[in-house]
Amino acid sequence: MIERFLVQASTYAGSIDGIITLVFVLVGFWFLAAEGIFFWLIWKFRARPGEKSQYLTGKEKHVKRWVTIPHALVLVCDVFIIIGSVRVWYDVKQRLPEADTTIRVIGQQWAWTFQHPGPDNTLDTADDIFTVEDLHVEVEKTYHFRLESRDVVHSFSVPVFRLKQDAVPGRSITGWFRPTETGEHDVQCAEICGIGHGIMFARIHIEDADTHAQWIAENSNSAAQ
Amino acid sequence: MADTAVQVEHDHHGADAHHGPTGILKYIWSTDHKIIGMQYLFTGMFMALIGGYMAYVFRMQLAFPGISVPGFGQVSPGEYNSLITNHGSIMIFWVAMPVLIAAFGNFLIPLMIGADDMVFPRINRLSYQIFLISALILLASLFVEGGGFGGAWTSYPPLSAVAEYNLTNLGSTLWLTAVALEFVAFLLGGINFIVTLMNSRAPGMKAYDIPLTAWMIVIASVLFMLSVGPLMAGAVMLLFDQTLGTGFYDPARGGDPILWQHLFWFFGHPEVYVVLLPAIGFVIDITATFARKKVFGYKIMLYTAVATAVLSFFVWAHHQFVAGIDPRMANVFTITTLLISVPIAELLFVMIATLYGGSIRLTTPMLWALGFISTFLLGGVTGIFLGASGADIYLHDTYFVLAHFHYTFFPIAIIGTFAAFTYWFPKMFGRMMDERLGKIHFWGTIIPFNTIFIPLFMLGGIGQHRRIYNFEHFPDLAEPWMFTLRQIATISLVIMLLFQLVFFYNVIKSWISGKKSGDNPWKANTLEWTTVSPPPHGNWPPDELPKVYRGPYEYSHPDREEDYWPQNEPA
Chain A
0 MIERFLVQAS TYAGSIDGII TLVFVLVGFW FLAAEGIFFW LIWKFRARPG EKSQYLTGKE
60 KHVKRWVTIP HALVLVCDVF IIIGSVRVWY DVKQRLPEAD TTIRVIGQQW AWTFQHPGPD
120 NTLDTADDIF TVEDLHVEVE KTYHFRLESR DVVHSFSVPV FRLKQDAVPG RSITGWFRPT
180 ETGEHDVQCA EICGIGHGIM FARIHIEDAD THAQWIAENS NSAAQ
Chain B
0 MADTAVQVEH DHHGADAHHG PTGILKYIWS TDHKIIGMQY LFTGMFMALI GGYMAYVFRM
60 QLAFPGISVP GFGQVSPGEY NSLITNHGSI MIFWVAMPVL IAAFGNFLIP LMIGADDMVF
120 PRINRLSYQI FLISALILLA SLFVEGGGFG GAWTSYPPLS AVAEYNLTNL GSTLWLTAVA
180 LEFVAFLLGG INFIVTLMNS RAPGMKAYDI PLTAWMIVIA SVLFMLSVGP LMAGAVMLLF
240 DQTLGTGFYD PARGGDPILW QHLFWFFGHP EVYVVLLPAI GFVIDITATF ARKKVFGYKI
300 MLYTAVATAV LSFFVWAHHQ FVAGIDPRMA NVFTITTLLI SVPIAELLFV MIATLYGGSI
360 RLTTPMLWAL GFISTFLLGG VTGIFLGASG ADIYLHDTYF VLAHFHYTFF PIAIIGTFAA
420 FTYWFPKMFG RMMDERLGKI HFWGTIIPFN TIFIPLFMLG GIGQHRRIYN FEHFPDLAEP
480 WMFTLRQIAT ISLVIMLLFQ LVFFYNVIKS WISGKKSGDN PWKANTLEWT TVSPPPHGNW
540 PPDELPKVYR GPYEYSHPDR EEDYWPQNEP A
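Keeping their order, the protein sequence lines are chains A and B. Per numbering that gives the first Met the number 0, the very first residue in the first sequence carries number 0; after that it's consecutive. Per numbering that gives the first Met the number 0, the very first residue in the second sequence carries number 0; after that it's consecutive.
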């Protein structure tokens with residue numbers, strides 16, 4: 000459903016959209032059923048002169064089941080949603096697949112700084128490339144990110160990946176993503192972080208192997224000189 | 000037990016009647032629960048106007064970025080943050096809570112249980128006075144140097160704790176002080192509600208004869224008392240971080256910012272049910288009256304409310320799935336969160352089932368009650384998306400969340416209040432409200448409400464994140480059709496606010512020249528309708544306090560000619 004408005008650019012974007020669609024279908028059914036019955040009852044039992052209401056306590060078995068059966072069905076739907084949700088969650092947040100490259104993402108008031116590993120593909124070496132507001136990644140490579148904050152709580156949000164993770168000062172939080180499609184998209188800060196929260200934007204550039212290699216070559220040279 | 004309590008209270012009142020304040024002081028220094036209820040009601044409504052004005056200003060900025068908003072001027076990023084922060088704080092702490100719990104709790108609980116006043120009338124007066132001071136402090140915080148606090152109503156440190164980060168040194172301290180004082184006021188009020196319900200019931204009123212409104216307000220008060228303690232401790236620590244230089248939430252000095260989030264949401268989630276339960280109470284009472292039906296399963300209703308309250312203590316971390324908590328914890332909280340859908344669905348099923356077999360009269364209060372059910376349903380089901388951890392990774396902190404909780408809070412705080420206000424108005428002022436104006440106001444509120452928040456659901460679905468003062472900065476969010484959706488929401492808001500004029504006109508007109516209502520205009524069963532409208536100090540003549548012979552919902556009983564059977568009428 001979401002994919003009709005926003006491309007799916009990571010391996011897990013599809014499964015997150017999938018769980019959203021599953022919930023949409025299940026709760027959509029309940030919502031429409033409940034609203035339908037609700038408005039039907041208002042129409043059916045509208046006041047008519049001379050007609051008295053029925054005296055029902057809700058204890059009668061034949062009436063009570065109209066509440067107890069849906070009640071049990073809601074629980075069954077919950078179980079499906081829980082199973083689907085936990086599976087997606089495990090894939091995105093709990094497991095950590097082997098990384099091809101590790102980057103560091105640093106939030107501060109009010110900009111994102113990205114530390115790319117440079118030609119040696121190792122973080123925290125002399126050839127690292129630091130950029131502000133532009134994250135360059137290569138398509139079909141698995142990335143680990145180390146998420147840090149220099150001041151307040153920020154949240155690293157990449158809608159096309161369906162990824163979101165808060166950056167907490169004093170911690171380094173590791174997560175992963177694997178881009179599946181080239182393109183250029185928004186990176187947001189999704190946690191209010193002061194008066195500049197609204198201008199804390201960045202762009203992610205998902206590039207094919209050649210373009211990315213060229214970008215690394217160009218930028219790490221100038222950084223070393 | 001009940002007999003003695005009533006007796007003690009009664010003596011106390013005899014004394015108070017002689018030495019009580021007179022003249023204008025009667026209205027500002029009274030210990031009469033009805034006057035205190037009105038004080039809370041009108042203060043809450045005044046704050047709602049301010050909260051609504053704030054919403055108007057920042058919605059204008061969102062729909063038409065950079066515009067000079069009529070009645071405000073240009074909105075700077077700092078002002079924008081302060082407006083959204085204080086809109087949220089005001090609507091929850093200074094509108095929903097005072098109106099739903101304190102105003103109607105004060106007005107209704109003694110009347111519904113046949114008591115002449117609260118058990119602790121002076122504590123009750125103190126409760127309102129502290130509340131008033133908290134409201135004044137909050138309003139003052141908007142005008143100090145640096146402006147009002149802008150760190151969102153959730154007030155996450157280190158942003159809220161460090162002046163260099165939030166740039167509102169005094170504003171954030173005043174905001175926090177106001178919130179803490181407001182909690183003190185509600186603790187005092189809550190103690191009163193609980194003790195009064197336990198001790199001052201009319202002779203013959205057993206636990207299952209108490210009207211659900213009174214039960215729900217008391218369950219909400221218990222829930223509030225049990226959940227607010229940790230946040231009070233947290234607020235004091237935050238105040239020390241702000242003013243004394245401690246480091247409870249400062250990681251550089253061994254503190255932890257996430258500690259605050261746990262303390263806040265441990266209170267913050269039960270808080271949703273604190274305001275929900277009273278609204279459910281009003282709606283079910285009104286539905287029973289105007290469907291001329293016994294409530295479908297009184298005990299189911301009561302026990303599911305208790306179950307919801309208990310479960311609400313185990314779901315708080317669903318606000319923190321992506322906040323940096325241990326990812327394994329999210330699985331536990333997904334399960335507890337989705338389980339809470341079971342009692343909530345049950346509450347809604349019971350309300351809908353009450354309509355079955357009824358004889359439904361679509362009066363203004365009934366329209367509001369039905370409006371609550373139909374809109375709250377959408378608020379309820381959209382919560383499932385956010386409770387499911389996998390979906391929440393994407394939807395967290397987007398406008399989807401915002402639209403979801405407005406679809407819960409608006410029905411609770413606004414629709415629920417209008418339902419209760421229009422239903423009990425005749426008891427409060429002895430006059431009927433104008434039905435035609437009431438219906439115009441109803442449709443003029445409920446239709447724009449939906450056209451405000453349905454576009455916001457869509458914008459949240461495409462990833463629009465919250466608390467951004469100008470979406471032009473985000474290329475993916477600056478498409479013209481997205482601005483069209485934002486403008487639909489804003490224009491709907493303006494229309495909805497304008498329709499509130501109809502309400503205020505109706506209140507004033509009906510108060511002055513409405514048709515005299517008599518004691519029991521709706522032919523309802525509960526005890527508040529057995530006294531005169533408006534009830535005098537002491538509620539009933541001292542020797543005529545009502546006795547109770549049956550439950551509150553004996554409508555259309557087969558053994559009776561009349562379709563209602565007041566609780567106090569001997570068999």
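Even for Gly, the Cβ is constructed at its ideal location relative to N, Cα and C.
- Listed along the chain, the chain A residues whose CB falls inside 9 Å of the CB of L377(B) are F30 and E34.
- The three-state reading of DSSP puts S148(A) in strand, counting E and B together.
- In the same chain as F424(B), and ignoring 5 residues on each side of it, the C-beta atoms closer than 6 Å to its own belong to M432, in chain order.
- Assignment of I66(B) by DSSP, reduced to helix, strand and coil, places it in the coil class.
- Among the residues facing chain B, V73(A) is included, as its CB has a counterpart in that chain under 8 Å away.
- DSSP places H403(B) in the uninterrupted alpha helix (DSSP H) bounded by Y398 to F408.
- Look at Y422(B) here: in three-state DSSP terms it is helix.
- At a C-beta separation below 9 Å, N80(B) has these neighbours in chain A: I191, G193, I194, H196 and G197.
- A308(B) is not a Cβ neighbour of L262(B), given a cutoff of 8 Å.
- With respect to chain B, the C-beta atom of G83(A) has a partner C-beta closer than 8 Å.
- Closer than 8 Å to the CB of K92(A) there is at least one CB belonging to chain B.
- Here the alpha carbon of T381(B) sits roughly 16 Å from the alpha carbon of I411(B).
- Distance from the CA of E206(A) to the CA of G182(A), rounded to the nearest whole angstrom, comes to 7 Å.
- V547(B) and I129(B) have their C-alpha atoms roughly 35 Å apart.
- Interface flag for S311(B) against chain A is unset, since no Cβ pair is found closer than 8 Å.
- Residues of the segment 281–294 of chain B whose Cβ lies closer than 7 Å to any Cβ of chain A, in chain order: A290, R291, K292 and K293.
- With distances taken between CA atoms, A110(A) lies nearest to A189(A) out of A8(A), F23(A) and A189(A).
- Taking 4 residues as the minimum length, the segment 154–205 of chain A contains no alpha helix (DSSP H) run wholly inside it.
- Taken in chain order, the members of the segment 50–73 of chain A whose beta-carbon sits within less than 8 Å of a beta-carbon on chain B are E50, K51, S52, Q53, Y54, L55, T56, G57, K58, V62, K63, W65, V66, P69, H70 and V73.
- A Cβ of chain B is located within less than 8 Å of the beta carbon of K163(A).
- Against chain A, a Cβ distance below 7 Å from P474(B) picks out D185.
- Contact between H472(B) and F200(A) holds, with the beta-carbon distance rounding to 5 Å and staying under 8 Å.
- In the DSSP assignment, I102(A) forms a beta bridge with F144(A).
- With fewer than 16 other beta carbons inside 10 angstroms of its own, A125(A) counts as exposed.
- When C-beta atoms of the segment 326–334 of chain B are compared with those of the segment 405–422 of chain B, fewer than three pairs fall below 8 Å, so the two segments do not count as touching.
- Rounded to the nearest whole angstrom, the CA to CA distance from N168(B) to G195(A) is 17 Å.
- DSSP places I467(B) outside both helix and strand once states are collapsed to three, so it counts as coil.
- Inter-residue distance for G106(A) and A134(B) is about 35 Å (C-alpha atoms, whole angstroms).
- A residue is called buried once 16 or more other Cβ atoms fall within 10 Å of its Cβ, and G253(B), having fewer, is exposed.
- Residues of chain B with a Cβ closer than 9 Å to the Cβ of Q107(A) do not exist, since the nearest Cβ in that chain sits about 11 Å away.
- Residue burial is scored here from C-beta neighbours: F448(B) has at least 16 other C-beta atoms within 10 angstroms and is therefore classed as buried.
- Residue-level contact check: I19(A) touches chain B, since one or more beta carbons of chain B fall below 8 Å from its beta carbon.
- With a threshold of 8 Å between beta carbons, H268(B) makes no contact with chain A.
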